[in-house]
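A.B. asks:
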Amino acid sequence: MRLPNTAFTERPWRIHEFTGDFEVEDVWDLDTPGGPGDLALLVEQFSGDGSGFHPSFMYRLLFAIRWKLGALLKWDTEEHGLSERDPSLRERLPADLREGPRGPDLTVVPMTSVYQTRDEWATEVVNKTVHAVMHIGWVHDGGGRHHAQMAVLVRKKGLLGKVYMPLILPFRRVFVTPNLVSTVGRAWRARTAP
448 MRLPNTAFTE
458 RPWRIHEFTG
468 DFEVEDVWDL
478 DTPGGPGDLA
488 LLVEQFSGDG
498 SGFHPSFMYR
508 LLFAIRWKLG
518 ALLKWDTEEH
528 GLSERDPSLR
538 ERLPADLREG
548 PRGPDLTVVP
558 MTSVYQTRDE
568 WATEVVNKTV
578 HAVMHIGWVH
588 DGGGRHHAQM
598 AVLVRKKGLL
608 GKVYMPLILP
618 FRRVFVTPNL
628 VSTVGRAWRA
638 RTAP
């Protein structure tokens with residue numbers, strides 16, 4: 448389920464300390480009921496270590512098209528990735544986060560982990576159109592129950608990013624992200640079922 452941006456911005460997440468130049472594009476609830484320490488299990492699931500994150504055919508197809516388009520138009524070359532011009536968010540981290548666990552990189556989508564705490568995990572990707580961050584927060588529901596919330600933050604790059612990102616946003620909101628959310632929920636339930 449998609450949430451208002453305030454569901455992310457009004458929480459005291461550490462990521463707010465160093466992403467002031469990013470826009471919150473989307474916030475989603477993930478169907479991942481669990482206990483206080485279960486974010487680490489979800490991070491393992493996302494990292495594609497064989498424990499249960501298996502995106503649907505449609506999700507894989509959409510990303511395959513995007514990566515082919517990026518290769519054709521040279522959007523994803525090293526020149527447009529993390530660099531001195533576009534440094535990783537890791538360079539902005541306060542010392543305690545920089546020295547703490549980084550978390551695993553993603554394999555299904557080429558995203559690099561920035562940091563991981565008991566209740567937050569952030570990954571990033573940089574290309575010619577955007578510097579994007581996926582933030583997973585572990586939200587307390589009361590009574591010892593928790594679940595994950597996913598926020599997507601973006602910093603559009605150049606004229607191309609300012610045109611391309613709004614153009615694909617409706618497509619992402621209707622097809623890509625709901626598919627990801629349902630895949631994560633299904634995999635979580637299969638993994639945590641008694």
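448 is the number of the first residue of the sequence shown in this note's numbering; add one for each residue after it. No residue lacks a Cβ here, since even glycine has one placed at the ideal position from N, Cα and C. Since this is a predicted model, take the numbers as computed values, not measurements.
Measure the C-alpha to C-alpha separation of Phe-647 and Met-612 and round it to an integer number of angstroms.
C.D. replies: Past the edges of the chain, shown from 448 to 641, lies residue 647, and the structure says nothing about it.
A.B. asks: Can you tell which of Asp-478, Pro-548 and Gly-605 has its C-alpha closest to the C-alpha of Trp-585?
C.D. replies: If we check each option's Cα against that of Trp-585, Asp-478 comes out closest.
A.B. asks: What is the DSSP secondary structure of Trp-514, reduced to helix, strand or coil?
C.D. replies: Three-state DSSP puts Trp-514 in a helix.
A.B. asks: For the structure I just gave you, are there three or more beta carbon pairs, one from the segment 448-456 and one from the segment 530-545, closer than 8 Å?
C.D. replies: They do not touch, by the three-pair rule.
A.B. asks: Using a Cβ-Cβ cut-off of 6 Å (strictly less than) and excluding sequence neighbours within five positions of Trp-568, which residues of its own chain qualify?
C.D. replies: Result list for Trp-568: Val-490, Gly-550 and Ile-583, in chain order.
A.B. asks: Expressed to the nearest angstrom, what Euclidean distance is found between the alpha-carbon atoms of Leu-607 and Gly-590?
C.D. replies: Cα to Cα, Leu-607 sits roughly 47 Å from Gly-590.
A.B. asks: Using C-beta distances below 7 Å, list every residue in its chain close to Pro-480, excluding the 5 sequence neighbours before and after it, in chain order.
C.D. replies: Excluding sequence neighbours, Pro-480 sits near Arg-592 and His-594.
A.B. asks: Write down every uninterrupted run of the beta strand (DSSP E) in the segment 581-629 whose length is 3 residues or greater and which is fully enclosed by it, in chain order.
C.D. replies: 592-603, all fully within the segment 581-629.
A.B. asks: Report the rounded CA-to-CA distance for Gly-467 versus Ala-511, giving the unit in angstroms.
C.D. replies: Approximately 31 Å between the Cα atoms of the pair.
A.B. asks: If you draw a straight line from the alpha carbon of Arg-643 to that of Asp-485, how long is it in whole angstroms?
C.D. replies: The shown model of the chain, from 448 to 641, leaves out residue 643, and the question about it has no answer.
A.B. asks: According to DSSP, Gln-563 sits in a beta bridge with which residue or residues?
C.D. replies: Gln-563 is bridged to Trp-568.
A.B. asks: Terminal residues of the continuous alpha helix (DSSP H) containing Asp-543?
C.D. replies: Start and end: 542-546.
A.B. asks: Measuring only the C-alpha atoms, how far is Leu-520 from Lys-604?
C.D. replies: Rounded to the nearest angstrom, the two C-alpha atoms are 15 Å apart.
A.B. asks: If distances are taken between C-alpha atoms only, which option among Val-623, Pro-625 and Val-572 comes closest to Leu-600?
C.D. replies: Nearest of Val-623, Pro-625 and Val-572 to Leu-600, Cα basis: Val-572.
A.B. asks: Have a look at Val-556, Tyr-562 and Asn-574 and flag the residue whose alpha-carbon is nearest the alpha-carbon of Thr-624.
C.D. replies: Residue Val-556 is the option with its Cα nearest to Thr-624.
A.B. asks: Give me whichever residues DSSP pairs with Leu-664 in a beta bridge.
C.D. replies: The shown model of the chain, from 448 to 641, leaves out residue 664, and the question about it has no answer.
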